[in-house]
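J.:
Residue numbers (our numbering): 4 to 723.
What follows is the structure, encoded as structure tokens:
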């Protein structure tokens, strides 16, 4: 029903839409909602009557737009209330709990935070440990309630908005409190659009000072705009506010970085899979690689024990280097390590997945209040490291309590040596900018863990299953693709192999600057990798027009012509490349293959003979020469070439097969059968061999054999 109502509103059929909203809400025990629907329906009925009477109203257009927005708001609200009124789970239970027993108001929550702060101040004076723990607990419960209150709420009234705004800027709200509040607003907006909550995100980004708050707000703005673009477009003031960001270089840079981090989240599952299926199994196969006491770097010792261990070690080192490079980009390389450490009671509360890390949360304070640790201890380096998100730091600290006492002591003690076990990302020339990027990355990693690992994750739509391609959103595109960021996003997608998306961006770049040959080259390559060879050819031709006879362009243009079956143009392009690089063996082979496909066997043979002369291992060239001689009817020359191949230590099945074809064409059936049987032996199965034999039917009939002769030979070969 919700979709039908939205369709009516999209078609501006407000009378029918309000009627259906009223019918849908009739089953709900919510008089306030029913009253709101009745008010809007009545207002619209009056508007219709005045219009029918010909009454002029200068405010009619504004009122109509307000009614339209209200229609969407009420339709969404009704659907939201019906969905969660009878549902089961964490969100539904919290929603019903607050419906039955309303939570504290924003003002009351502010008083509670102030009370927690006063209790803490008194504990400092009195040195009362129980009082301090009580203050931390009261503070946590208040913030958890604030989070849930916002998360399960419907659209705010103007009074709600003003109180929430006052709370955001209240002196009793610490950075963590604001950050958690903003995360709740974001999660709520992803389920139910509310113009006032979106406005609060804009205000939080523009007017708060803490980067942990501004970057969460900006991330929320981007996500809400991405998932709720249709609703935001109903509010011109919100669209204008987003457009103003186009003139804010800092906002554009931060949005660009947020976009890249969300794109990097696509790699997390690949990293997780590599860890589980490759790195960890390789380590488990070799006890020396699992044992931290063993000197795995002494490869000679490993070779004495088992030569395969060196191979495992080299592969693991290669994987670790690859992960290290991804980490430098900001990829989430610790998801696997911490995914099993999210079952502690602390993580039952949704709000706790968005807490900034602090040793003052009750769960940690009660564990560590009497256990000091050195900043250069393993524990110290983890909690102070920029590489780990807040959620993983909580996991690490909570997991430590399950270790034996001596291991806990070791984790808190200063490590030997000057070098840190963890190397944080390289220092930027702009420390403030780098700090902001750390904050963005850690927050998005927190979000990722919430959607992937929370106990009740099945209740929510996983945003990370979407592409999160902000540039394809009409509201965000001007911000994400402003200036040089357009090319940077395209290049990132290109470097990660997302060729179709890269091609779309290179297309628009090429339209903006058609004289840039490199853009056309990249566009062509993206099309080529997407197997869109005709489009690739057009792009490469544009690049060649701008920068003629560029070898890279010519090679790829030739390859696309070849792959699309245009062997004449392919041969022409390859021959142009050979004018600049006459002894390039790869290009010579490609040229010969094109000439052979064009049945220009004499010229093809000349090219292949040149490869045979230059190549250290000329087997591929000889196979090509033998086939060209066969197709030219020069059977003796073909046999001479195949004899060279069959004299090798391990001749290929295809060489026996093709030499059998030559003998068959010569009428030497016994010799043909001998070679075919040799080929059959080298195949995995009889049917595989017969399939390969029949695949050459056209080549055999081109040599004068009838189809019946080919099929008769196939049946002979099937006999044992």
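Ideal placement from N, C-alpha and C gives every residue a C-beta, glycine not left out.
Just tell me which of 91, 607 and 579 has its CA closest to the CA of residue 592.
T.: That would be 607, whose Cα lies nearest to the Cα of residue 592.
J.: Is residue 207 closer than 8 Å to residue 217 when the C-beta atoms are compared?
T.: Cβ atoms of residue 217 and residue 207: closer than 8 Å.
J.: From this set, 355, 331, 275 and 229, which residue's C-alpha is nearest residue 337's C-alpha?
T.: Comparing Cα positions, the closest option is 275.
J.: According to DSSP, simplified to helix, strand and coil, what is residue 3?
T.: For residue 3 there is no data in the structure shown, the boundaries of the chain being 4 and 723.
J.: Just reading off the alpha helix (DSSP H) that residue 604 is part of, what are its end residues?
T.: Counting along the chain, the alpha helix (DSSP H) containing residue 604 begins and ends at 604 to 617.
J.: Apply the 10 Å Cβ neighbour rule to residue 396 and answer buried if 16 or more other Cβ atoms are within range, or exposed otherwise.
T.: Burial call: buried.
J.: Please name the residue in 657, 615, 571 and 370 whose C-alpha comes closest to that of residue 598.
T.: With distances taken between Cα atoms, residue 598 lies closest to 571.
J.: Write down the C-beta distance between residue 482 and residue 166 rounded to the nearest angstrom, noting that I regard them as a contact closer than 8 Å.
T.: That pair is no contact at about 30 Å.
J.: For the segment 115 to 129 against the segment 140 to 148, are there 3 or more C-beta pairs whose distance is under 8 Å?
T.: With a cut-off of 8 Å, the segment 140 to 148 and the segment 115 to 129 count as touching, because enough Cβ pairs lie within range.
J.: What is the DSSP secondary structure of residue 460, reduced to helix, strand or coil?
T.: Residue state, collapsed to three classes: helix.
J.: Cα separation between residue 686 and residue 658?
T.: Cα to Cα, residue 686 sits roughly 12 Å from residue 658.
J.: Going by DSSP, which residues form a beta bridge with residue 417?
T.: In the DSSP output, where bridge partners are listed per residue, residue 417 has 380.
J.: Near residue 168, which residues of its chain fall below 7 Å by C-beta distance, leaving aside the five closest residues on each side in sequence?
T.: Taken in chain order, the residues that qualify are 203 and 206.
J.: Between the alpha carbons of residue 708 and residue 279, how many angstroms are there, rounded?
T.: Taking the straight line joining both Cα atoms gives about 55 Å.
J.: With distance defined between alpha-carbon atoms, name the residue in 710, 701, 712 and 717 nearest to residue 692.
T.: The shortest Cα separation from residue 692 among 710, 701, 712 and 717 belongs to 717.
J.: According to DSSP, is residue 527 helix, strand or coil?
T.: Correct three-state label for residue 527: helix.
J.: On the three-state DSSP scale, how would you describe residue 292?
T.: Caution is warranted here: a pLDDT of 47 is assigned to residue 292, below 50, making its placement in the model unreliable, and no coordinate value can be reported.
J.: Skipping 5 residues on each side, what residues in its chain have a beta carbon closer than 7 Å to that of residue 356?
T.: These residues qualify, in order along the chain: 350, 394, 449, 452, 453 and 457.
J.: Residue 384 to residue 463, Cα distance in whole Å?
T.: Each residue's alpha carbon lies about 34 Å from the other.
J.: Grouping DSSP H, G and I as helix and E and B as strand, with all else coil, what is residue 159?
T.: Coil.
J.: Looking at the ligand HEM, does it come within less than 7 Å of residue 176, judged from the CB to the closest heavy atom?
T.: Questions concerning the ligand HEM fall outside what the structure shown contains, since it holds no ligand whatsoever.
J.: Counting Cβ pairs, one atom from each stretch, are 3 or more of them under 8 Å apart for the segment 555 to 564 and the segment 524 to 542?
T.: Yes, the segment 555 to 564 is in contact with the segment 524 to 542.
J.: Quick one: grab the DSSP three-state call for residue 472.
T.: Residue state, collapsed to three classes: coil.
J.: Going by beta-carbon coordinates alone, are residue 53 and residue 17 separated by less than 8 Å?
T.: Going by C-beta atoms, residue 53 is not nearer than 8 Å to residue 17.
J.: Any contact between the segment 92 to 106 and the segment 258 to 271? By contact I mean 3 or more CB pairs, one from each, below 8 Å.
T.: No, because fewer than three Cβ pairs between the segment 92 to 106 and the segment 258 to 271 fall closer than 8 Å, the two stretches do not touch.
J.: Just how far apart, CA to CA, sit residue 361 and residue 110?
T.: Their Cα atoms are separated by approximately 25 Å.
J.: Hey, how far is the Cα of residue 725 from the Cα of residue 484?
T.: Outside the modelled stretch of the chain, which goes from 4 to 723, sits residue 725, for which no answer is possible.
J.: Helix, strand or coil: which one does DSSP assign to residue 723?
T.: In this structure, residue 723 counts as coil in the three-state DSSP scheme.
J.: Taking a contact to mean a Cβ-Cβ separation below 8 Å, would you say residue 193 touches residue 75 in this structure?
T.: Result no, Cβ atoms of residue 193 and residue 75 do not sit closer than 8 Å.
J.: According to DSSP, simplified to helix, strand and coil, what is residue 176?
T.: Coil.
J.: In whole angstroms, give me the CA-to-CA distance for residue 178 and residue 140.
T.: Between residue 178 and residue 140, the C-alpha separation is close to 17 Å.
J.: Taking residue 211 as the reference, give the member of 187, 173, 226 and 444 with the closest Cα.
T.: The option with the nearest alpha carbon to residue 211 is 173.
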